[in-house]
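Residue numbers (the numbering used here): 203 to 582.
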């Protein structure tokens, strides 16, 4: 039977922003979005500045305890048959396929032994999941890592892919609202997680790949390394490289509006027409590859607690961008996240029960509301 690979999990790396890692085993947990019997893993050093020496890589099922695995479920990852691999800067690699029966929303543990110092590591900073790091050499197959440190970043893993007949991929490209800032740690309550659950419940064989990066912008990537690269710069890596991607939900540009003031980057201030022009480029590039693009409206952020991030002029830009999303006809369809979570008595603010507390990010209930807002008929 012909292979049909799709993305079933994702985490987009940012510019170098994390610690140097050496002689360390890293254990990370990921929840796949579809049932599968065959998977492969995309490891990444695309934004690293030094070679990434992977001395061992294994997957296993968790044992239900923090940081633990079931040792009798361990499967070794290989790369063209080799157990070790060195990724030069700028390089990603797919593992050889592994046969393993997974239910939908099965959590997998990935152990990586990093043999040599990485220099400043390029991580996905906001994993909303706990990673465990043991500076004890190769201890990849142990039930529990010895004396581990904890991190909330994702290290050197950008995607899980599965071979599933008749399935396709959906990418959610965005910023912290898509990345899930403010959701309960280790609980998989981001709005793309909710959407994935609904798709499976409706019998749709669509793998969801979350390509959100907190702080991300459409037009600018620097100087803050943990926020970039910009959506325009990472589109090929995070969308077009996903196998069998047929649709994308795009929700981004609130940081283009707010970061120039909130981070003191007045030279990077942009207008609503400039934001619209950048989003239009992404839509054009997606459609050239047969990808349908659904536009999400920007959610309210009045009086957010980040100093300088909100101002009345920025609110005017948000409303102008939202008007274009709703009325401009550039997207294949519109998902009105703004209307779903705004306060009915003050539409420039989040509804209190949906507010994480900083008046910008959402609570678990808010992200669930977003995930429930998406019309599943878009994916027929």
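Note that CB positions come from ideal geometry on N, CA and C, so glycine has one too.
Next on the checklist: According to DSSP, simplified to helix, strand and coil, what is residue 301?
Outcome noted: strand
Next on the checklist: What ranges does the beta strand (DSSP E) occupy inside the stretch 526 to 566, keeping only unbroken runs of at least 3 residues that lie completely in it?
Outcome noted: 535 to 537 and 548 to 552
Item to check | Unbroken stretches of the alpha helix (DSSP H), 4 residues or longer, contained in the stretch 208 to 269 | outcome: none
Next on the checklist: Report the start-end ranges of each beta strand (DSSP E) in the stretch 326 to 352 that is 3 residues or longer and not cut off at the edges.
Outcome noted: 333 to 336
Checklist entry - Which partner residues does residue 284 have in the DSSP bridge list? => result 281
Item to check | Opening and closing residue of the alpha helix (DSSP H) in which residue 487 lies | outcome: 474 to 490
Next on the checklist: Just to confirm the assignment, what range does the beta strand (DSSP E) spanning residue 391 have?
Outcome noted: Where residue 391 is concerned, there is no enclosing beta strand (DSSP E), given that its DSSP letter is neither H nor E.
Next on the checklist: Quick check on the burial criterion: 16 or more other C-beta atoms within 10 angstroms. Buried or exposed for residue 506?
Outcome noted: buried
Checklist entry - What does DSSP give as the partner residues of residue 494 in its beta bridges? => result 449
Checklist entry - Where do the ends of the alpha helix (DSSP H) carrying residue 365 lie? => result Segment 359 to 365 is the beta strand (DSSP E) holding residue 365; no alpha helix (DSSP H) there.
Item to check | Beta-carbon gap between residue 496 and residue 537 smaller than 7 Å | outcome: yes
Checklist entry - Quick one: complete alpha helix (DSSP H) runs, 4+ long, within the stretch 410 to 465? => result 433 to 437 and 456 to 464
Next on the checklist: Alpha carbons only, please: which of 512, 445 and 439 is nearest the one belonging to residue 484?
Outcome noted: 439
Checklist entry - Does the stretch 453 to 471 come within contact of the stretch 395 to 402, defined as at least 3 CB pairs closer than 8 Å? => result no
Item to check | residue 356 (DSSP reduced to helix, strand or coil) | outcome: strand
Next on the checklist: Could you compute how far the alpha carbon of residue 568 sits from the alpha carbon of residue 555?
Outcome noted: 7 Å
Checklist entry - Looking at the structure shown, is residue 294 part of a helix, part of a strand, or coil, going by DSSP? => result strand
Checklist entry - Which of helix, strand or coil does DSSP assign to residue 501? => result coil
Next on the checklist: My assumption, with CB atoms under 8 Å, is that residue 226 sits in contact with residue 304. Please give the rounded CB distance.
Outcome noted: Between residue 304 and residue 226 the Cβ distance is about 27 Å, and since that is not below 8 Å, they are no contact.
Checklist entry - Taking all protein chains shown into account, do 16 or more other C-beta atoms lie within 10 angstroms of the C-beta of residue 218, making it buried, or fewer, making it exposed? => result buried
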